[in-house]
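Asker: Count the sequence shown with this note's numbering and you get residues 431 to 876, in order. Below you'll find the structure I mean.
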Amino acid sequence: MASGRHDRGLRQALLLPAAVALLLAACAPRPAHALFGGGKKSPEAAMIEWLKSKGGEINAEITARNGGPRGTYATRAVPADGILAKIPMSAAIWFPAEYENFADLGARIAREVAKGAASDYAPYLDALPMARDPLHTISYESWPLEYVHLIQSDLMSRHISSTQEGTINYWAKNGVALLEDGVTLDLLKAALVTIATRYFGITHKGVSASVMIPLLDFANHYNDCTNYYEYRACDYRDDEPNRDDGRWDADKVGRDQLCCFWRAGANVTAGQELCNRYGYMAPDQAFFQYNFIMPDKPPKLSRVDEAHFSNDYIYGALAHAEPREFTGHVEALKEEMDRVASRIVALTAAAKAEAATPAAPSDRGGAVLRGLGALRLQRLDALETELTRLAGRVIEMEQEAASAAAPARPRGARGGGKPKAGGGGGEGAGEVEGSGRGSGDGAGEL
Ligand SMILES: *[C@@H]1O[C@H](CO)[C@@H](O)[C@H](O)[C@H]1NC(C)=O
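Structural data, given as structure tokens:
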């Protein structure tokens with residue numbers, strides 16, 4: 431969660447970072463020597479130089495460590511609440527607050543990429559291989575449709591297929607014009623993946639918009655990350671007296687004088703990885719939208735396996751809501767146990783289909799298929815943990831009820847808590863039908 435300081439800063443600045451986005455580990459692992467070898471500056475280092483030339487203060491570098499994904503690392507020690515980076519928002523890519531079609535935003539990015547060195551954002555876009563290759567990072571836009579049967583969620587598979595259908599329909603209408611600017615369908619898709627995995631929400635001067643913020647969007651997400659960010663006038667200084675008197679409020683300056691202050695949630699040592707967190711991310715969300723398997727102990731339920739799963743949890747206002755523990759009366763808990771048990775049965779049965787599913791042509795090296803297998807086991811683990819929790823709760827409640835009704839009777843006479851056989855299951859009850867896209871207001875945009 432954001433710290434109190436973060437909350438205060440945001441309130442004062444009237445800036446509410448909407449959902450979030452992130453980043454992620456979306457970036458394929460690259461060995462550090464490939465990034466920094468040969469004496470030539472890496473695209474990541476060149477981007478940081480560019481941010482500094484625009485007035486940025488950057489205490490981070492972008493690199494890959496220990497064969498892991500690319501991430502951000504401290505170049506010096508930073509105390510709690512100190513500045514990890516001050517990023518000029520003049521370097522950020524701002525999307526219009528109002529837009530008709532999400533694909534329009536993709537077309538904007540794709541046109542910038544097609545401009546090459548002539549783009550104002552070239553140093554940023556050069557550091558984003560995903561912006562050129564739709565298969566670099568697998569997101570809803572690029573997810574292999576050959577695998578939707580393994581998700582075991584009608585709602586999620588519909589979201590993925592309708593996202594891709596939306597792009598194809600947009601291409602049918604706009605492809606001729608886009609090609610005049612050098613934008614191919616692959617480039618459009620790559621741009622859409624880039625936005626879907628890297629956008630941030632911002633409200634500036636009362637207007638909600640989406641932005642891509644260089645550097646901040648290279649930080650890997652962790653659910654327990656305490657680093658945070660706030661928007662301020664660029665000349666804001668921590669060491670000025672009365673620094674919170676409102677003079678540096680983001681709404682008092684234009685975009686060209688606006689900065690994103692990324693701050694340490696705790697003392698940071700030089701060389702430490704700098705994480706980011708913009709809200710809770712469930713395991714399936716991390717995998718379907720951002721292409722990574724999140725370490726989680728104890729195992730967390732995937733959104734698609736939650737009782738109340740709906741489109742709002744995919745791209746809507748609840749996309750990054752904290753997980754909600756299922757509660758209710760004994761009968762409701764028993765029904766939920768049935769539902770969870772039927773999910774376990776379905777996911778267990780899917781193992782055979784998983785083994786029989788050939789790697790999709792777009793799934794280079796079969797990584798997505800393997801990731802789905804890992805996610806399936808994680809989901810089973812989380813569902814079994816949840817079933818145990820529910821059963822324990824039912825026993826507790828039945829014992830409480832029994833002792834309240836007849837306090838003299840010996841306790842524990844009744845068992846209870848065993849899952850009933852069969853049951854509907856699936857995600858039926860919680861489903862909300864909807865179009866494949868968000869409504870464009872704040873958190874729900876993507
Ligand atoms: C953080 O560092 C400061 C000194 O810079 C120290 O006083 C403080 O105890 C440290 N906090 C933690 C939690 O280590």
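Idealized CB from N, CA, C, for every residue including glycine.
Taking Lys471 as the reference, which of Thr502, Ala557, Met519 and Ala527 has the closest Cα?
Answerer: Considering only alpha carbons, the answer is Ala557.
Asker: Decide if Val824 is buried, meaning its Cβ has at least 16 other Cβ atoms within 10 Å, or exposed.
Answerer: Val824 comes out buried.
Asker: According to DSSP, Arg662 sits in a beta bridge with which residue or residues?
Answerer: Asp679 and Cys689
Asker: With H, G and I counted as helix, E and B as strand and the rest as coil, what does DSSP make of Lys730?
Answerer: coil
Asker: Are the Cβ atoms of Phe718 and Met586 separated by less than 8 Å?
Answerer: Yes, the Cβ-Cβ distance between Phe718 and Met586 is below 8 Å.
Asker: Flag this pair as touching only if the region 698-709 and the region 505-512 have three or more C-beta atom pairs under 8 Å; answer yes or no.
Answerer: yes
Asker: Let me have the residue list for ligand 1: C-beta closer than 5 Å to any non-hydrogen atom, ordered along the chain.
Answerer: Pro509 and Asn697
Asker: Going by DSSP, what residue range makes up the alpha helix (DSSP H) through His589?
Answerer: Asp584 to Glu610
Asker: Identify, in the order they occur along the chain, each residue of the same chain with its Cβ nearer than 7 Å to the Cβ of Ala790, setting aside the five sequence neighbours on each side.
Answerer: Pro574, Glu576 and Tyr577
Asker: Per DSSP, which residues does Arg500 bridge with? Please list them.
Answerer: Ala494
Asker: Answer yes if the region 618-625 comes into contact with the region 553-569, meaning at least three C-beta pairs across the two stretches below 8 Å, and no otherwise.
Answerer: yes
Asker: In this structure, what does DSSP give as the bridge partners for Pro518?
Answerer: Cys689
Asker: So the candidates are Leu748, Ala737, Pro729 and Cys689; which of them puts its Cα closest to the Cα of Tyr710?
Answerer: Leu748
Asker: Between the region 712-727 and the region 539-550, are three or more C-beta pairs nearer than 8 Å?
Answerer: no
Asker: Does DSSP put Phe525 in a helix, in a strand, or in coil?
Answerer: coil
Asker: For Arg662, I'd like the list of residues in its chain whose CB is within less than 7 Å of its CB, leaving aside the five on either flank, ordered along the chain.
Answerer: Ala443, Trp678, Ala680, Cys689 and Phe691
Asker: For the structure I just gave you, are there three or more beta carbon pairs, one from the region 483-500 and one from the region 595-614, closer than 8 Å?
Answerer: no
Asker: State the beta-bridge partners of Val508 as determined by DSSP.
Answerer: Val698
Asker: Taking only the alpha-carbon atoms, compute the straight-line gap between His744 and Asp584 and give it to the nearest angstrom.
Answerer: The sequence given here places Ile at residue 744; His does not occur at that position. In a straight line, the C-alpha of Ile744 is about 13 Å away from that of Asp584.
Asker: Is it true that the region 527-534 meets the region 644-653, where meeting means three or more beta-carbon pairs spaced less than 8 Å apart?
Answerer: no
Asker: Name the DSSP bridge partner or partners of Asn706?
Answerer: DSSP output for Asn706 lists His651 as bridge partner(s).
Asker: Looking at the structure shown, is Tyr577 part of a helix, part of a strand, or coil, going by DSSP?
Answerer: Here Tyr577 sits in helix by DSSP.
Asker: Could you work out which residue in Ile513, Arg588 and Gly498 is closest to Asp417 when comparing CA atoms only?
Answerer: Limits of the chain in this structure are 431 at one end and 876 at the other, which puts residue 417 out of reach.
Asker: Expressed to the nearest angstrom, what Euclidean distance is found between the alpha-carbon atoms of Gly605 and Leu615?
Answerer: 7 Å
Asker: Note down, in chain order, each residue of its chain lying with its Cβ closer than 7 Å to the Cβ of Lys730, except the 5 sequence neighbours on either side.
Answerer: Ala712, Pro713, Pro753 and Ala812
Asker: Could you check where the alpha helix (DSSP H) with Met477 kicks off and where it finishes?
Answerer: Pro473 to Ser483
Asker: Have a look at the DSSP bridge pairing and note the partners of Met642.
Answerer: Ile523 and Tyr629
Asker: If you draw a straight line from the alpha carbon of Ser732 to that of Ala786, how long is it in whole angstroms?
Answerer: 24 Å
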